[in-house]
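Residue numbers (UniProt numbering): 1 to 634.
Set out below in structure tokens:
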């Protein structure tokens, strides 16, 4: 008998002691980080609202209770009873019964009304029909991405359960080594922007944090083929943790599965959905540009299937000697600062991912309070000594001025922008400006993934600031449903829109003009002196956006020379990254303050400037690693 089976026997004995005799337990197993209890008496389990909480406290594990399939009410009868229990104003749009897990997926406009006070309605449903309810929000904007992900995971539920059981056994295995050490190896993202990838390892565990590409005219991959990563076989990785779904942090996650990885990906639920959206688009853009695909679509599906979503603040075992907690990073939807607690109080490491210290229109500022942190791996995109961005209010005023001035000339304000995050920030600003009369009303064209990414945002309003969340819940005031927002349905429309003699705004990805819709719009609009190009995102070295920002008056697009006659402006207060002051404040107010800081994900001067500043001002040991360096902390 394996050690995990023995452990489950001991857990089962404890459960039998705690659970009243009239409640039968048919099976106990691990599924991912959760302990799953199967019972023939789900109604009795649900009747005691504190039983699961008591078990979780006693066993110190996250617990899910599932009914045996043969005690479930028939779906047709169960649906009728469930709809009677749920308040009418919950707006239930669909129910889906998953017999293998005993769950009923309830999609509703107001999930809180389905859940009830302290979960009372959920318990009432289980008591009435036996099924375990799982509640998701009906997106106010229909999202094919969200629907496809949910449908796919339903179709693959047998495989997914096998994956979760295997992962659960891996997490709860006994440690294989008595040695104690902690190391971080840098595979990318050091003294450069992009291809973020880091290995955190112990004597028992190896975890990959992020796996992105490097933006530019020629993308570059992290050093994945070294022994610390997948050079000795991708199966040597115990887990992957994603800070967020932007391509410079996540583009190459599906590639791991092509190399044989078959383990879990830990991230937030929005990050999982956006990972599918953005990597499929990544392949599509490679096809359109005639480049070799980095991986096939099947690998994207594998990545999504292996995702284990976590909520902010949940402390989760992901290995015998590692606990993981995700915290809001304030960067994009679902972005996370990831905190690792290693061993029995041995060491703690936090990876910032990309952060925004102050609150924005969409997101609360990054969390920087932890029980313990000895080492912080900190992004440095705007870490240079002069990288101070303008105040957000000033940035909004500048954008409004550019839009108003272009409107006076019947010109277009063209904003190459990240489809996820910055585009939605700008949409909120433009909707308010036009509603309040600060700028004339005009069409705002949304190209590429922007409309779909916006739909994903409206699916997860709980990740947004309360003001925006409340507006999304009210269909009449949802800022993303404003009449002026017009998705561009066909690439052929771009030239026709650009040729119109009308004031307008165009938002199109990618932000650095490397390829995709934004580059096509540039070809149409660059010669027009009445139009304005507004950069709101970071422009990396070697990108077309950076060359234009530095003053190029002519560019080549699809082999043609195109003059840049349009006005070029930078509005830097909309960046999703903290500026130099924000990065310093993140460390200054961090509790507890780390002993060591590794400055990464910024060009060489930015990482060195930030490292020097933090060392002198806050008396912490700082480092500016190069790629392929290893740091031992214990």
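Glycine included, each C-beta is placed from N, C-alpha and C at the ideal position.
Keep in mind it's a predicted model, so treat the numbers as computed, not measured.
Taking the alpha carbon of residue i as the point to measure from, which residue in the options has its own alpha carbon closest?
| i | options | result |
| --- | --- | --- |
| residue 110 | 594, 127, 91 and 201 | 91 |
| residue 117 | 545, 86, 139 and 622 | 86 |
| residue 674 | 531, 477 and 146 | Residue coverage of the chain in this structure runs from 1 to 634, which leaves residue 674 outside it and unanswerable. |
| residue 366 | 23, 73 and 351 | 351 |
| residue 210 | 204, 201 and 195 | 195 |
| residue 213 | 199, 236 and 250 | 250 |
| residue 370 | 337, 496, 605 and 361 | 337 |
| residue 553 | 577, 321, 623 and 528 | 528 |
| residue 411 | 526, 40 and 37 | 526 |
| residue 512 | 536, 545 and 534 | 545 |
| residue 261 | 303, 289, 280 and 540 | 303 |
| residue 579 | 408, 509, 384 and 312 | 384 |
| residue 423 | 490, 332 and 436 | 332 |
| residue 223 | 379, 252, 23 and 242 | 252 |
| residue 415 | 471, 539 and 314 | 539 |
| residue 343 | 119, 20, 176 and 70 | 176 |
| residue 285 | 516, 99 and 5 | 516 |
| residue 317 | 464, 168, 374 and 392 | 168 |
| residue 493 | 627, 510, 247 and 520 | 520 |
When the Cα atoms are used, what is the spatial distance from residue i to residue j?
| i | j | result |
| --- | --- | --- |
| residue 271 | residue 523 | 32 Å |
| residue 327 | residue 215 | 26 Å |
| residue 402 | residue 445 | 16 Å |
| residue 75 | residue 133 | 13 Å |
| residue 500 | residue 190 | 45 Å |
| residue 80 | residue 276 | 34 Å |
| residue 145 | residue 136 | 14 Å |
| residue 178 | residue 382 | 41 Å |
| residue 187 | residue 319 | 22 Å |
| residue 359 | residue 469 | 14 Å |
| residue 571 | residue 155 | 45 Å |
| residue 123 | residue 450 | 39 Å |
| residue 632 | residue 558 | 48 Å |
| residue 68 | residue 41 | 8 Å |
| residue 635 | residue 495 | Residue 635 falls outside the range modelled here, since the chain spans only 1 to 634, and no answer is possible. |
| residue 489 | residue 507 | 13 Å |
| residue 427 | residue 335 | 19 Å |
| residue 355 | residue 201 | 24 Å |
| residue 73 | residue 157 | 20 Å |
| residue 27 | residue 38 | 5 Å |
| residue 105 | residue 170 | 28 Å |
| residue 46 | residue 305 | 29 Å |
Helix, strand or coil for residue i per DSSP?
| i | result |
| --- | --- |
| residue 623 | strand |
| residue 629 | coil |
| residue 517 | helix |
| residue 389 | coil |
| residue 188 | strand |
| residue 574 | helix |
| residue 466 | helix |
| residue 183 | strand |
| residue 587 | helix |
| residue 533 | strand |
| residue 266 | strand |
| residue 328 | strand |
| residue 488 | coil |
| residue 416 | strand |
Closer than 7 Å by C-beta to residue i: which residues in its own chain qualify, once you throw out the five before and the five after it? Chain order, please.
| i | result |
| --- | --- |
| residue 443 | 484, 486 and 504 |
| residue 58 | 14 and 18 |
| residue 400 | 433, 438 and 439 |
| residue 581 | 388 |
| residue 7 | 172 |
| residue 143 | 452, 455, 456 and 459 |
| residue 234 | 256, 259, 260 and 261 |
Excluding five sequence neighbours on each side, which residues of the same chain lie with their C-beta closer than 6 Å to the C-beta of residue i?
| i | result |
| --- | --- |
| residue 125 | 82, 85 and 133 |
| residue 630 | 183 and 185 |
| residue 429 | 396 |
| residue 44 | 23 |
| residue 625 | 186, 190 and 598 |
Got a sec? Which residues, its chain only, sit under 8 Å from residue i by beta carbon, not counting five neighbours each side?
| i | result |
| --- | --- |
| residue 3 | 173 and 174 |
| residue 555 | 522, 526, 544, 547, 548, 561, 562 and 564 |
Legend entry - the segment 297 to 308 / the segment 248 to 258 touching (three or more Cβ pairs under 8 Å): Touching, per the Cβ criterion.
Inset, instruction - Give a yes or no on contact between the segment 22 to 35 and the segment 151 to 165, applying the rule of three or more CB pairs nearer than 8 Å. - result: Judged by Cβ distances under 8 Å, the segment 22 to 35 makes contact with the segment 151 to 165, as three or more pairs qualify.
Inset, instruction - Report yes or no: do the segment 222 to 230 and the segment 196 to 210 share at least 3 C-beta pairs separated by less than 8 Å? - result: Enough Cβ pairs lie closer than 8 Å, so yes.
Legend entry - Touching by the beta-carbon criterion (3+ pairs, under 8 Å), the segment 556 to 575 and the segment 605 to 621: At 8 Å Cβ cutoff, the stretches do not touch.
Inset, instruction - Decide yes or no for the touch test of the segment 617 to 625 against the segment 584 to 598: beta carbon pairs closer than 8 Å, at least 3 of them. - result: Counting C-beta pairs with one atom in each stretch, the segment 617 to 625 and the segment 584 to 598 have three or more that are closer than 8 Å, which means they touch.
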